[in-house]
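Take a look at the structure set out below.
Residue numbers (our numbering): 479 to 653.
What follows is the structure, given as structure tokens:
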């Protein structure tokens, strides 16, 4: 609807503006939360994960109620990047804990919306276990190919229709 569109337009502007002054993911989320609390209607919230990957493979991450990113190693091992915090807009003055990891050559960090893991087949959810299996099978794929594989798998699991938006971002370290 119109209200949701306006909220997301405001959020997009806020996040881009704050990212320039707050390159640390935890600081970015804390400042974004302060703005969102004052700008969106009570009872509404925004989930978000902020990730910075430097060319040397250092990954820094913080999350505000968003699903945990997955780390896909070059050997096909998948582990969660365990970060969590309260969604933006729920309460003032939140502190978001940063998490760090190392991304080896050939590895990838995978971010996704809840629509991926909440894709349904009757009462059964696609879930993180199936997601991890798809990621492990796609270890040699390009970043785009891996994202496409995840979306195909959750769409197929749900019988072609998804009840929520599904988005996947894959950042692969090439060297």
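We treat Cβ as the ideally placed atom computed from N, Cα and C, and that holds for glycine.
Practice problem: For residue 574, write down the residues that DSSP places opposite it in a beta bridge. | Solution: Answer is none; residue 574 lacks a bridge partner.
Self-check item: Separation of residue 585 from residue 536, as counted between CA atoms
Solution: 12 Å
Quiz item: What number of angstroms, rounded off, separates the C-alpha of residue 639 from the C-alpha of residue 613?
Solution: Rounded to whole angstroms, the separation of the alpha carbons of residue 613 and residue 639 is 21 Å.
Quiz prompt | First and last residue of the uninterrupted alpha helix (DSSP H) at residue 595 | solution = 592-595
Quiz item: Out of curiosity, what's the CA-to-CA distance linking residue 480 and residue 587?
Solution: 33 Å
Practice problem: Just confirm the distance between the C-beta atoms of residue 625 and residue 650, as a whole number of angstroms; I'd bet it's less than 8 Å. | Solution: So it is not a contact: roughly 10 Å between Cβ atoms.
Quiz item: What number of angstroms, rounded off, separates the C-alpha of residue 519 from the C-alpha of residue 539?
Solution: 27 Å
Exercise. Inspect the CB distances between the region 480-496 and the region 507-517 and report whether three or more fall short of 8 Å.
Key: yes
Self-check item: Backbone secondary structure at residue 495 - three-state DSSP
Solution: It is helical.
Quiz item: Do three or more CB pairs link the region 553-569 to the region 600-618 at distances below 8 Å?
Solution: In short, these stretches touch, since the Cβ pair count reaches three.
Practice problem: Give me whichever residues DSSP pairs with residue 548 in a beta bridge. | Solution: 558 and 588, per the DSSP bridge assignment.
Quiz item: In terms of DSSP beta bridges, what is residue 599 paired with?
Solution: 602
Practice problem: Mind checking which residues open and close the beta strand (DSSP E) that includes residue 527? | Solution: 526-531
Quiz prompt | Same chain only: Cβ atoms within 7 Å of residue 595, ignoring 5 sequence neighbours per side | solution = 545, 603, 604, 605, 606 and 609
Exercise. Consult DSSP for residue 566 and reduce its assignment to one of helix, strand or coil.
Key: strand
Quiz item: Is it true that the CB of residue 501 sits closer than 8 Å to the CB of residue 529?
Solution: no
Quiz item: Looking at the structure shown, is residue 515 part of a helix, part of a strand, or coil, going by DSSP?
Solution: helix
Quiz item: Where do the N-terminal and C-terminal ends of the alpha helix (DSSP H) with residue 651 fall, by residue?
Solution: That residue, residue 651, is in no alpha helix (DSSP H); it is neither H nor E in DSSP.
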